[in-house]
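J.:
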Amino acid sequence: MTGWEGFLHGLATVTQPGVLVYCVFGVVLGTFVGVLPGIGAMATISLLLPITYYLSPEAALIMLAGVYYGSQYGGAVASILLRLPGTPQSAVTTFDGYPLARQGRAGVALFTSMSASFLGSMFGIGVLVALSGVLSHAATAFGAADYAAMMILGLVAASTIGATAPAKGLAMVVLGLILGCIGTDVNSGTQRFTFGQTELSDGINLVALAMGLFGVSEVIGNIRTAERTGVPPKVRLRELLPRREDLARLPFPALRGATMGSFFGALPGTGSTISSFLSYAFERRVSRSPERFGTGAIEGIAAPEAANNAAAITAFVPTLTLGIPGDPIMALMLGALVIHGVQPGPMMLEARPEMFWGLVASFGIGNLLLLILNLPLIGIWVSMLRIPFRWLYPAILIFVCLGVYSVRASVFDIFAVAGIGLAGYALSLARFNPGLLLLGFVLGPLIETNLRRALLVSRGDPMVFLERPISAVFVLATAGLIALSLAGVLRRARQKT
Amino acid sequence: MRHDLQDLAGGVILTLIGLAVAGYAVASYDLGSLRRMGPGFFPTALGVGLAGLGAVIALSAWGRGARTLTLAWKETLAVLTSIAVFAAGLERMGLVGVTFGAVLIATLAAPDRRIAWRLALALVITALSVLVFHFGLKMTAPLWPVGFGTGAQ
Chain Y
0 MTGWEGFLHG LATVTQPGVL VYCVFGVVLG TFVGVLPGIG AMATISLLLP ITYYLSPEAA
60 LIMLAGVYYG SQYGGAVASI LLRLPGTPQS AVTTFDGYPL ARQGRAGVAL FTSMSASFLG
120 SMFGIGVLVA LSGVLSHAAT AFGAADYAAM MILGLVAAST IGATAPAKGL AMVVLGLILG
180 CIGTDVNSGT QRFTFGQTEL SDGINLVALA MGLFGVSEVI GNIRTAERTG VPPKVRLREL
240 LPRREDLARL PFPALRGATM GSFFGALPGT GSTISSFLSY AFERRVSRSP ERFGTGAIEG
300 IAAPEAANNA AAITAFVPTL TLGIPGDPIM ALMLGALVIH GVQPGPMMLE ARPEMFWGLV
360 ASFGIGNLLL LILNLPLIGI WVSMLRIPFR WLYPAILIFV CLGVYSVRAS VFDIFAVAGI
420 GLAGYALSLA RFNPGLLLLG FVLGPLIETN LRRALLVSRG DPMVFLERPI SAVFVLATAG
480 LIALSLAGVL RRARQKT
Chain F
0 MRHDLQDLAG GVILTLIGLA VAGYAVASYD LGSLRRMGPG FFPTALGVGL AGLGAVIALS
60 AWGRGARTLT LAWKETLAVL TSIAVFAAGL ERMGLVGVTF GAVLIATLAA PDRRIAWRLA
120 LALVITALSV LVFHFGLKMT APLWPVGFGT GAQ
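Protein chains in written order, with numbering that gives the first Met the number 0: chain Y, 0 to 496; chain F, 0 to 152.
1) Could you tell me which residues DSSP pairs with Y:G182 in its beta bridges?
2) Here's a check: name, in chain order, each residue in its chain whose Cβ is nearer than 7 Å to the Cβ of F:A108, leaving out the five neighbours to either side.
3) Helix, strand or coil: how does DSSP classify Y:M171 here?
4) Just curious, the alpha helix (DSSP H) that Y:M332 is in, first and last residue?
5) Among F:L13, F:V20 and F:L127, which residue has its Cα nearest to the Cα of F:L57?
6) Leaving out five residues before and five after Y:I297 in sequence, what residues of the same chain have Cβ atoms less than 7 Å from its Cβ?
7) Please name the residues in the stretch 150 to 162 of chain Y whose beta-carbon is closer than 7 Å to at least one beta-carbon of chain F, in chain order.
8) What does the Cβ neighbour count give for Y:L7, buried or exposed, with the cut at 16 atoms within 10 Å?
9) Buried or exposed for F:L122, going by 16 or more other Cβ atoms inside 10 Å?
10) Give a yes or no on whether the C-beta atoms belonging to Y:F473 and Y:M149 are separated by under 7 Å.
11) Within the 7 Å Cβ cut-off, does Y:I177 reach chain F?
12) Is any beta-carbon of chain Y found at less than 7 Å from that of F:P42?
13) For F:M36, which three-state DSSP category applies?
14) Would you say Y:S278 and Y:A253 are within 7 Å of each other, going by their C-beta atoms?
15) Give me the chain F residues within the contact set of Y:W390, using Cβ-Cβ distance strictly less than 7 Å, ordered along the chain.
16) With distances taken from CA atoms, which of Y:L358, Y:A471 and Y:V406 is nearest Y:V18?
17) Does chain Y have any CB closer than 7 Å to the CB of F:F134?
18) Under 7 Å between the Cβ atoms of F:A101 and F:S81?
19) By a C-beta neighbour count over all protein chains shown, 10 Å radius and 16 as the cutoff for buried, is F:Q152 buried or exposed?
20) From the beta carbon of F:G88, is the nearest beta carbon of chain Y less than 7 Å away?
21) Mind checking if F:A19 is an interface residue toward chain Y, Cβ cutoff 7 Å exclusive?
22) Report back the beta-carbon spacing between Y:G65 and Y:S361 to the nearest angstrom; my notes put them in contact at under 8 Å.
23) Tell me whether Y:L372, by its Cβ, gets closer than 6 Å to a heavy atom of the ligand SAH.
24) Could you name the residues of chain F that Y:V215 contacts, counting a contact when the two beta carbons are closer than 9 Å?
25) Return the CA-CA distance between Y:S405 and Y:H339, expressed in angstroms with no decimal places.
26) How big is the Cα-Cα spacing for F:G150 and Y:S216?
27) How is F:G31 classed by DSSP in three states: helix, strand or coil?
28) Got a sec, what are the start and stop residues for the alpha helix (DSSP H) Y:V27 sits in?
29) How would you label Y:D460, buried or exposed, when you count the other beta carbons within 10 angstroms and need 16 or more for buried?
30) Could you compute how far the alpha carbon of Y:T43 sits from the alpha carbon of Y:S288?
31) Give me the chain F residues within the contact set of Y:G206, using Cβ-Cβ distance strictly less than 8 Å, ordered along the chain.
32) Determine the burial state of Y:K167: buried for a count of at least 16 other Cβ atoms within 10 Å of its Cβ, exposed for fewer.
33) Taking a cut of 7 Å between CB atoms, which residues from the stretch 92 to 112 of chain F lie near chain Y?
34) Alpha carbon to alpha carbon, how far is Y:A301 from Y:F464? Give it in angstroms, no decimals.
35) Just to confirm my understanding: we take Y:G85, look at its own chain, exclude 5 residues before and 5 after, and list those with CB closer than 7 Å. What are they?
36) Please give the ranges of any beta strand (DSSP E) in the stretch 84 to 144 of chain F, keeping only runs that are unbroken, at least 3 residues long and fully inside the region.
Given below as C-alpha cells:
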C-alpha cells in the first residue's frame, strides 16, 4: 500500500463516528490535563486504561495518543502564563514564554507555541510514515538476539541519557524487570513469585501498577504543591494576533526544532523532554542575537514546542514497527494494545493497516482540531487554571478505584493500587523514576523470551550477540552508553572534592 | 560526617530486595543452563544485578549531603485510608455510600477543610461515578448496602 492510499484508508477509519468521538475526547482531555499542573499525561493515560477494554483497539490507541499529544499543547499554557510547566516537556517554554507574558504579550507567546506545535506535529507525521515503512521492512531481518539487544539498549538509554544518577535509573529498570517476572513463566509454565496467590498468576495487573505509580502517588505528592498557583492573566482573542516581525521568526526555528524532535523522538531513550531542551540550546547557538533568549524570544518558544510535538509523534515509530517502546508513555500504549491482544511489530503494517494508518490519520485530524479549537477557546483553557486541585484529586482517586475494579471485579486490585501508590510515592520522594520501572515491567517478558530463544538457537553461546552484526551494534552502543555515564559520574565526583 | 540518607536507605533496601529475589529464585526454581534457561535463570540474574546497583547507590550516598525532605504524611494517610475504605466497603456498602465516604476522607488532606464544599464535592463525584460506572459501563458492584434491598433508600 502506498503512503497516500494508506493515509486515505486511515482517514476512513478515523472518521467513523465511533472512532472520531474518542479522538476528540482524547485531545480535549489531553489539553485539559496538560493545562492543569498536578496531573499529567502519564497519570491520565493510566486512568483511561480500564476504559479501553470497552473500545476497539483502534479507538483505544487513537484516544490515548490524543491525550499524549494534546497534553503537549496544553502544557505550554501554564508554562507561559504562570511559569509553571503543566508537563515536563513544556518546562523549556517557561524560559521565553513567561517573560513575554510579563511584557503583556502572553497572547503572542500562546499563538507561537500552538502554531509551532502544529508545525512540529505535521513534520513528525511525515517522518513517522517514511521511517515506519523502511524500519518495518528492515525489521523482518531481526532475530531474537537482535531484539533482546535492542530492548536492553533502549532500557539503558532511557535510564542513563541526561540522568544525574544513572545507577538509580538502572536500578528502577531492573526492579521493573523483576516485577515483570511475577506470574506464569511462558516457557515452562512455572508459577514465579506468586506465593500461592491465584490473583498473581497472570502477573501484576498493568492497570493497577500504572494507576498506583502515576495516579495515586502523584495525587499524594501534589495535594499541597499544586494549590500554590498564581492568578493567571486574562488573555483576549485579539491579543493572540502576532506582529509581522514575530511571524517572521516562527517558521525556521520551528522547522529546525521539528527536525531535531523527530530524530530524538524516534530513538529509544531520548524523548520529547530531552529534544525540547536540546533544540532550545541549538536555537540559541545559531541565533544572530542569542542575548534575546530568556527575555522573550519567539524562537525560544517555537523551536522547543515544535520539537516536543514532533518527538511525541515519532516516538510511535519503534513502538509500532518493532514493538519496542522507547519511553514509559509508549510502554503504556503498548500495554493498551496488548490488552486487546494486538502485539505490535514488523508485521503490523501488513497485518493491521487500519490500525497503523488510522493512528497516522488521527494525528493529522487531532492536531488540526487542537489548532482550530485551542486558539479561539484559549480563554476557557486559561480559566481552567483557576480550578483548585482539591476539587480534582478526590475525583481522580475515585476514578482510580472504580477503574481498576471494573477490569476484573477484584477488590484485591484496589488494595494493590493503594500499596503500589505508597511505594510509588516513596520512590518519587527518594528521586527514583517510577516511569523507568514501568518501562522495565512492560519490556521484561519480551526481553526474557528473546534472550532465551537466542541462546537456545546458539546452543548456549553468548557470543551470538556479537556475531550478528545488528545485535553487535546494539551491544556496542549499550557498552558505550554505560562507559559515558560512568565517565560522567566520575567527573562530577572529582569536581566536588 | 553527613550522608545522603534517602539514597543510603534506598540503596540498602534495593540490595536486600535483589538478594531476596535471587535467593528465592535459586531455592525454588530450576536455573537450567545458558543453552536451556530454566525459569529461575532470569530472575536470579536480575536479583544479583539489582543488589549490585543498590550497593553502588548506597556507597555513593556515603559522605554526601542530602536534600531536606518534606514528607506529606497527612496527605499520604488520607489518600491511602480513602482507597482502603473504598476497597473494603464497595461490595458491602454499595457504590453510593462508599464513594461519598471516600471523598470525605480524601478531602481531609486538602488545605481547606470546611465541610460545605466537601459535601458538595462528594455529592457531585458520587453522582458522576454512578452515572459513568453503574449506568454507563454496567459495573456489577451494588449501588446500595447489601441486604437493604435494591433501589429503595
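Every residue gets a Cβ at the ideal spot worked out from N, C-alpha and C, and that includes glycine.
T.: Short version:
1) As a position in the first sequence, residue 182 of chain Y is number 183, starting the count at 1. Note: Y:G182 sits in a beta bridge opposite Y:R191.
2) Along the second sequence, read from residue 1 onward, the residue named residue 108 of chain F stands at position 109. K73, E74, A77 and V78, listed in sequence order.
3) Counting from 1 along the first sequence, the entry for residue 171 of chain Y is found at position 172. Helix at Y:M171.
4) Translated into positions along the first sequence, residue 332 of chain Y becomes position 333. Y:M332 -> alpha helix (DSSP H) spans P327 to I338.
5) Taking the second sequence and counting its residues from 1, one reaches residue 57 of chain F at position 58. Looking at the sequence itself, residue 57 of chain F is Ala, so the reference to Leu does not match. Checking every option, the nearest Cα to that of F:A57 belongs to F:L13.
6) Within the first sequence, the letter at position 298 stands for residue 297 of chain Y. So the list reads T111, D245, R248 and L249, once near-sequence residues are dropped.
7) From the stretch 150 to 162 of chain Y, no residue has a Cβ closer than 7 Å to chain F.
8) The residue you call residue 7 of chain Y lines up with position 8 of the first sequence. By the neighbour-count rule (16 or more Cβ atoms within 10 Å), Y:L7 is not buried but exposed.
9) Taking the second sequence and counting its residues from 1, the one referred to as residue 122 of chain F is at position 123. If you draw a 10 Å sphere on the C-beta of F:L122, you find fewer than 16 other C-beta atoms in it, and that means exposed.
10) By 1-based counting over the first sequence, the position of residue 473 of chain Y is 474. By 1-based counting over the first sequence, the position of residue 149 of chain Y is 150. Cβ atoms of Y:F473 and Y:M149: closer than 7 Å.
11) Start at 1 with the first residue of the first sequence, and residue 177 of chain Y comes out as number 178. Output row for Y:I177: interface = yes.
12) Here residue 42 of chain F refers to the residue found at position 43 of the second sequence. So yes, F:P42 belongs to the interface.
13) Here the question's residue 36 of chain F lines up with position 37 in the second sequence. In this structure, F:M36 counts as strand in the three-state DSSP scheme.
14) Walking along the first sequence from the start, residue 278 of chain Y turns up at place 279. Walking along the first sequence from the start, residue 253 of chain Y turns up at place 254. In this structure, the beta-carbon distance from Y:S278 to Y:A253 does not fall below 7 Å.
15) Along the first sequence, read from residue 1 onward, the residue named residue 390 of chain Y stands at position 391. Ordered by position in chain F, the residues that pass the 7 Å Cβ test against Y:W390 are L120.
16) Taking the first residue of the first sequence as 1, we reach residue 18 of chain Y at position 19. Shortest Cα-Cα distance from Y:V18 to any of Y:L358, Y:A471 and Y:V406 involves Y:L358.
17) Along the second sequence, read from residue 1 onward, the residue named residue 134 of chain F stands at position 135. It does not; no Cβ of chain Y falls within 7 Å.
18) Your numbering for residue 101 of chain F matches position 102 in the second sequence. Your numbering for residue 81 of chain F matches position 82 in the second sequence. Result yes, Cβ atoms of F:A101 and F:S81 sit closer than 7 Å.
19) One-based indexing of the second sequence puts residue 152 of chain F at position 153. With a pLDDT of 41 at F:Q152, under the threshold of 50, the predicted position of this residue should be treated as unreliable, and no value is reported.
20) Here residue 88 of chain F is taken as the residue at index 89 of the second sequence, counted from 1. Judged by the 7 Å Cβ criterion, F:G88 is not in contact with chain Y.
21) Your numbering for residue 19 of chain F matches position 20 in the second sequence. Cβ-Cβ to chain Y under 7 Å: no for F:A19.
22) Walking along the first sequence from the start, residue 65 of chain Y turns up at place 66. Walking along the first sequence from the start, residue 361 of chain Y turns up at place 362. So it is a contact: roughly 7 Å between Cβ atoms.
23) In the structure shown, the ligand SAH is absent, as is every other ligand, since no ligand is present at all.
24) Against the first sequence, residue 215 of chain Y aligns to sequence position 216. Ordered by position in chain F, the residues that pass the 9 Å Cβ test against Y:V215 are V78, L79 and I82.
25) For the purposes of this step, residue 405 of chain Y is identified with residue 406 of the first sequence, where counting begins at 1. For the purposes of this step, residue 339 of chain Y is identified with residue 340 of the first sequence, where counting begins at 1. Their backbone Cα atoms lie some 16 Å apart in a straight line.
26) Here residue 150 of chain F is taken as the residue at index 151 of the second sequence, counted from 1. Here residue 216 of chain Y is taken as the residue at index 217 of the first sequence, counted from 1. Note that F:G150 scores 47 on pLDDT, short of 50, meaning its location in the model is unreliable and no value can be drawn from it.
27) If you number the second sequence from 1, residue 31 of chain F lands on position 32. In this structure, DSSP gives F:G31 an extended state, which the three-state scheme calls strand.
28) Here residue 27 of chain Y refers to the residue found at position 28 of the first sequence. Unbroken alpha helix (DSSP H) run through Y:V27: P16 to V34.
29) Taking the first sequence and counting its residues from 1, the one referred to as residue 460 of chain Y is at position 461. Y:D460 is exposed by the Cβ-count criterion.
30) As a working mapping, residue 43 of chain Y is identified with position 44 in the first sequence. As a working mapping, residue 288 of chain Y is identified with position 289 in the first sequence. A direct Cα-Cα distance of roughly 40 Å separates Y:T43 from Y:S288.
31) Translated into the one-based positions of the first sequence, residue 206 of chain Y becomes position 207. Looking at the sequence provided, one finds Val at residue 206 of chain Y rather than Gly. Neighbours of Y:V206 across chain F, judged by C-beta separation under 8 Å, do not exist; the nearest C-beta is about 14 Å away.
32) The residue you call residue 167 of chain Y lines up with position 168 of the first sequence. Classification for Y:K167: buried.
33) For the stretch 92 to 112 of chain F, the set of positions with a beta-carbon nearer than 7 Å to some beta-carbon of chain Y reads T98, A101, V102, A105, T106, A108, A109, P110 and D111 in chain order.
34) As a working mapping, residue 464 of chain Y is identified with position 465 in the first sequence. As a working mapping, residue 301 of chain Y is identified with position 302 in the first sequence. Roughly 43 Å between the two C-alpha positions.
35) In the first sequence, counting from the first residue as 1, residue 85 of chain Y sits at position 86. Cβ-Cβ distances below 7 Å link Y:G85 to G33, V34, L35, P36, G73, G74, V76, A77 and S78 in the same chain, with the five nearest sequence neighbours on each side left out; the list follows chain order.
36) Taking only runs of at least 3 residues, no beta strand (DSSP E) segment lies wholly in the stretch 84 to 144 of chain F.
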